[in-house]
Every structure is written in structure tokens, then in C-alpha cells.
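Have a look at the structure below, then the notes.
Numbering (the working numbering), first residue to last: -16 to 216.
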């Protein structure tokens, strides 16, 4: 393990570990609780009358809209990924969660642009940094931020809107960066639903790997930024 990675882990390791353990424990507990008490009404709430095909379609549309609004308001996207796969299966749940999360990101970004003054007050102190670094490398920096296992999705989206980060690079970087954790928590949700201990253990291992990958990328990028700053002096 490189010195850069060790340094980055020391900086964010305790926070990363605590948040990760709490989130995984809460989600698995919630899934097992639903399984234990057979809360079938939860699933039926996403099914409307009009025939089997209509229920299938409407249920997913309802979940998609609620999930997009949930993430737009700052709700954890990992929760959406978990329950999306829990209710609808691994692959459909993964795609549904990814689409809803990106849509929620776009909603918050749009609101930040429209209500720039209010958003600026909320993310005070972050916009100047975003303009110096983020705006010049929208795709790369956004991807880095999304891969990190810490940070606020809401604050990131609002800051991007206020700083007028290029929309294309921001949304593309977000969509790609969302994939690892969306897949990890979708695997976890699906595993809890079908009672697969193997899937649950695999999802936890992959979560740890994705977290380390994010920290490693952060460490490398931070070194590169320091090198660039020294060269420009």
C-alpha cells in the first residue's frame, strides 16, 4: 500500500469506516425486518390497477419518481439502490436506481442554477474552489467526487449548479461514478430479499473495495494537483 493511500486513509479512514458500517448495518437490518414480517403492502403500494402490464409499468414509474425526488432532496442514493433491487430484482433494480439517481442529480443541479442566490448561501465557501479546479476538469473531478465513499450528494449538486460546472461533463461523470456503489447496494438489496448470504457478503466486500478505490484515486489526484500547483509558482 503506497504512502499516499495510507495518508489518505488516515485522513478520512475513521469517518469512512463509521459511516460505511452504520449504513450497511441499517440497510441489511431493514431488509431482514421486511422479510421477517412479510410487509407485502410495501410492494403493493407500487402497483396500480389496470392489468398486470400496467401494474408492472406503473409500479416502477412510481418508484422512479419518488426515488428521484428523494435523492434530489439529499437522500442517500445507497438507500435507493438497496430497496430498488429489493423490490424489483438485481438488474432491473440497478438500472432503475441509477436512472433515478442521475435524474435527482439533474433536478438539484437545475434548481441550483435557477435559485442561485439561495443555493450559494447553502454551499458558502465551496464555490471558489469549484471554480478554480472543478470547472476546468468537469468530467474528471466529478467522477472522482462520485467515487469517493464520503461527502454529500446534495452539496455536490448544489455547488456544481452555483459554480456553473459544464453540465455535460458533470452529468456524465456523475452517471459513471454512481455505477460502483449503485451495483454494490443493489446486490446487497437483492441478496437480502432472496436470502442469499453469499450475495450479501460479496456486496460488503465490493463496498470495501470500491471505498479503497475511491480513496486511492483521491490520493493520486491530490498528488497531481499539488504537483501542478508547484509548477505554476
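Backbone N, C-alpha and C define an ideal beta-carbon position, used for all residues, glycine too.
Small disclaimer: the values here were computed from a predicted structure and weren't measured.
Tell me the rounded alpha-carbon separation between residue i and residue j.
i: residue 184; j: residue 98; result: 43 Å
i: residue 103; j: residue 152; result: 21 Å
i: residue 126; j: residue 199; result: 13 Å
i: residue 192; j: residue 131; result: 11 Å
i: residue 166; j: residue 64; result: 8 Å
i: residue 196; j: residue 188; result: 12 Å
i: residue 171; j: residue 194; result: 16 Å
i: residue 147; j: residue 96; result: 7 Å
i: residue 94; j: residue 54; result: 13 Å
i: residue 129; j: residue 180; result: 28 Å
i: residue 159; j: residue 124; result: 12 Å
i: residue 66; j: residue 136; result: 18 Å
i: residue 115; j: residue 190; result: 31 Å
Are the Cβ atoms of residue i and residue j separated by less than 8 Å?
i: residue 68; j: residue 157; result: no
i: residue 186; j: residue 76; result: no
i: residue 92; j: residue 143; result: yes
i: residue 155; j: residue 122; result: yes
Could you work out which residue in the options is closest to residue i when comparing CA atoms only?
i: residue 42; options: 63, 70 and 58; result: 70
i: residue 150; options: 120, 44 and 171; result: 120
i: residue 217; options: 138, 122, 44 and 180; result: Nothing about residue 217 can be read from this structure; the chain reaches only from -16 to 216.
i: residue 58; options: 45, 140 and 123; result: 140
i: residue 45; options: 159, 83, 136 and 118; result: 83
Return the Cβ separation of residue i and residue j in integer angstroms, given the expectation that the two are a contact with Cβ distance under 8 Å.
i: residue 182; j: residue 61; result: That pair is no contact at about 16 Å.
i: residue 228; j: residue 78; result: Here the chain covers residues -16 to 216 and nothing more, so residue 228 does not appear.
i: residue 145; j: residue 106; result: 6 Å
Notebook entry, point to check: Okay, do the region 82 to 96 and the region 38 to 50 touch, 3+ Cβ pairs below 8 Å being the bar?
Noted result: The region 82 to 96, when compared against the region 38 to 50, does touch it at the 8 Å Cβ threshold.
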